[in-house]
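So the structure is just underneath, and the comments pick up after that.
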Amino acid sequence: METVLDNEQFVKRAFWLVKLRWITACLLIGITYVITQYFNSTPQEIPLYVIGVLLLLYNSLLYLALRHLVRFHDRTLNRAINRIVILQITTDLLILTVVIYYSGGVENPFFFYYIFHVIISSMLLSRLMSYLQATLAVFLFGLLLTLEHFEIISHRPIVGFLDINLFQNTYYVLGMFIVFSTTLYLVVYITTSIVFQLRKQQIGYKLLNLELSKKDRIKNEYLLTVSHDIKSHMAAIKSCLDILSTHMAGPLNKKQSELVERADHRAFKSIAFLSTLLKLTQMRLTGKIEKECFSLKQCIYNAFSAVEQKAECKAISVSYEIYVKKDTVFGSPLLIEETLRNLLLNAIKYTPENGTASLSVTEDNTFFIIQITDTGIGIPDDEKDNIFDEFYRARNARKVEKDGTGLGLSISKEVVQRHGGTIWVSSHEGAGSTFSFTLPKYKDA
Amino acid sequence: MAAQRILIVDDDSDITYAMQMILEGHGYQVDSAVNSATARSKMEQEKPDLIILDVMMDTMHEGFDFDRELKHHPEYKDIPVLMLTAVKERFGLDFKPEAGDQEWLPVEEFLDKPVKPAVLLEKVEKLLGNKR
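Listed below in structure tokens is the structure:
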């Protein structure tokens, strides 16, 4: 099975070739200069310089053509790039042959550089095209040797380097040519085998990835169905209990009230858990959120007024400092407010009485950075990596609140990521934690 | 005859409350502990006639560990243990319904949560009656 590179990689490689050619052109000019200084003999330095300059020009054109292609072609890109790469390698082979002609022919050890072209075509092109390119290289080099050997074109030696009459030595030329051509074909054979093996693997990974996301989707749908089903039962239970607890079905004695209250509280917890799980799963499944422009400051004010009472109950002082002028974010104000509230409530929950919880907003060029710092119980070092996983709860957190859902931070992470931001934590167990997250600034056109 | 003492070891206060209400209503003297450490100290004060034991408390297998510890304890090894848990489905463990794999899980009785009051009472009576 012939496998091809995908567009993105192909484009990358095409530009990479252009980059290599800049270096080659400069090296050609540089080496020509050094050699003419050192051997101070060669009359053919002018053509070499000219080739160097032409190479630079040709490369500029290629660069522009590639940029144009990437910008304006979409579906036909792969084929177009393929053609350009073939053109590049073919031209490079021709240029190399001319350079070698002007710098000693068979006496110039730079003819080994044909191998690079062959390796590159084996990496980028089809197997057949790679063998064709190798054949072209063999043909060009063979042609050069033949024409020089039979003095159809004049030999242009580097005087003072090697025996300038090597080109006339039939055994030498023939031997060199045979070794050269077999080397090229072997290189194509070896390189294409490795490259195609790798490409096959790459395709395998891609398929596997697809398979995994399909599985993940099935899992999420399953989770959605199950939690929704349980939630509807719990909702029914809660509705019945509500009637009892509000004495609408008649008065209850103390024991009965206590039982109903306990049941009602558990039903409430369970429904809250299922709702969060449903929301998280829903978000993962659709991957979409409704976005609009909104004021981050307003979100912060709302979140603070929602948690103030809880903080007051524990005598925890809460404060915020906002160091940004413009505060527009493009996203879901509801979800961001919920995230802020979540993180603030965590800070309050896991901070002992008389502690502090503070929020700050700073910015860099592209992001707002929101940090929520508390003087709470902190997170054990070995658990920091896990706390954003769903259902995970740190050891010391479980002691503070036994029946937390373990979903708060996972949903916060999901929300932040959906907004193009990142969330992280720094913490010392016993000293407090800082939860930070970024949100991209909205840039009005 | 003095009331028989039952110790409930479970970290779920609602479950404990409900069972306590059922058992006390039938004349048992009930005490509770939220983990094995508390249970140990309560047992030192007063030896119970029966222990009702949960599995997942501070650790996932605290109940199993505590049970084995009791069964190797010279003073406590004769106290019947009723293991009452929702752990079975969570881990797909295959318990013998009549309980008492003496090697692996040496308990006298095993019940799944939630348990009906009548069933709880029946098992408790059986365990305490057996002992008598």
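Chains A and B are the protein sequences, given in the same order. Under the working numbering, the first residue of the first sequence carries the number 5, and numbering increases by one thereafter. Under the working numbering, the first residue of the second sequence carries the number -13, and numbering increases by one thereafter. Using N, Cα and C, we set each Cβ at its ideal position, and we do this for glycine too.
If you look at Pro103 (chain B), you'll find it in the alpha helix (DSSP H) that goes Pro103 to Lys117. The distance from the Cβ of Arg270 (chain A) to that of Asp0 (chain B) is about 6 Å, consistent with a contact at the 8 Å cut-off. Closest in C-alpha terms to Trp428 (chain A), from the list A:Asn390, A:Ala435, A:Lys406 and A:Tyr354, comes A:Asn390. Interface criterion not met: the Cβ of Ala72 (chain B) is under 8 Å from no Cβ in chain A. Ala361 (chain A) sits away from Ile304 (chain A), with the two beta carbons spaced by 8 Å or more.
Scanning its chain for C-beta atoms nearer than 8 Å, with the 5 sequence neighbours on each side dropped, one finds around Thr196 (chain A) the residues Ser126, Arg131 and Ser134, in chain order. The three-state reading of DSSP puts Ala(-11) (chain B) in coil, since its state is none of H, G, I, E or B.
Contact annotation: Val22 (chain A) and Asn63 (chain A) have beta-carbon atoms nearer than 8 Å. For Ala435 (chain A), same chain residues with a beta-carbon under 7 Å away, outside a window of 5 residues either side, are Gly382 in chain order. In this structure, the CA atom of Leu106 (chain B) is about 14 Å from the CA atom of Tyr3 (chain B).
A Cβ-Cβ contact shorter than 8 Å links Asn21 (chain B) with Asp44 (chain B). Distances from the alpha-carbon of His232 (chain A) to those of A:Thr280, A:Phe200 and A:Lys330 put A:Thr280 closest.
At a cut-off of 8 Å between C-beta atoms, Arg397 (chain A) does not count as an interface residue with respect to chain B.
Considering only A:Tyr446, A:Gly108 and A:Arg422, the residue with the shortest C-alpha distance to Lys292 (chain A) is A:Arg422. The CB of Lys235 (chain A) never comes closer than 8 Å to any CB in chain B; the least such distance is about 19 Å. Here the alpha carbon of Val(-5) (chain B) sits roughly 28 Å from the alpha carbon of Ser249 (chain A).
Leu263 (chain A) has a beta carbon lying within less than 8 Å of a beta carbon in chain B. Residue contact with chain A for Asp17 (chain B): absent (no Cβ-Cβ distance below 8 Å to any residue of chain A).
According to the DSSP assignment, Leu97 (chain B) belongs to the beta strand (DSSP E) that extends over Glu95 to Asp98. Taking a cut-off of 8 Å for Cβ pairs, the region 141 to 153 of chain A and the region 80 to 89 of chain A do not touch, as fewer than three such pairs fall below it. Annotation: Ile376 (chain A) to Gln260 (chain A) spans about 43 Å, alpha carbon to alpha carbon. Counting only residues of its own chain and dropping the five nearest sequence neighbours on each side, Asp17 (chain B) has a CB closer than 8 Å to the CB of Arg(-9), Ile(-8), Leu(-7), Ile(-6), Lys28, Glu32 and Pro34.
At least 8 Å separates the CB of Met5 (chain B) from every CB of chain A. Residue environment: Phe116 (chain A) is assigned as exposed (fewer than 16 neighbouring CB atoms within 10 Å of its CB, all protein chains considered). By the criterion of a C-beta distance shorter than 7 Å, His432 (chain A) is surrounded in its chain by Gly382, once the five residues flanking it on both sides are discounted.
In terms of CA proximity to Gln92 (chain A), A:Leu66 leads the group A:Arg75, A:Leu66 and A:Glu111. When the beta-carbon positions are compared, Glu418 (chain A) and Leu284 (chain A) come within less than 8 Å of each other. Interface flag for Lys292 (chain A) against chain B is unset, since no Cβ pair is found closer than 8 Å. Look at the region 242 to 274 of chain A: the residues with a C-beta under 9 Å from a C-beta of chain B are Lys259, Glu262, Leu263, Arg266, Ala267, His269 and Arg270. Identification of chain A residues near Asp(-3) (chain B) by a Cβ-Cβ cut-off of 8 Å yields Lys406, ordered along the chain. Excluding sequence positions up to five before and after Val264 (chain A), its CB lies within less than 8 Å of the CB of Leu245, Leu248, Ser249 and Leu256, all in the same chain and listed in chain order. Residue pairing by DSSP leaves Pro34 (chain B) without any beta bridge partner.
Taking 3 residues as the minimum length, the beta strand (DSSP E) runs contained wholly in the region 294 to 347 of chain A are 296 to 299, 321 to 326 and 332 to 335, in order along the chain. Under DSSP, the beta-bridge partners assigned to Gly436 (chain A) are A:His432. Residue pairing by DSSP puts Ser18 (chain B) in a beta bridge opposite B:Ile(-6). It is roughly 30 Å from the alpha-carbon of Gly424 (chain A) to the alpha-carbon of Thr355 (chain A).
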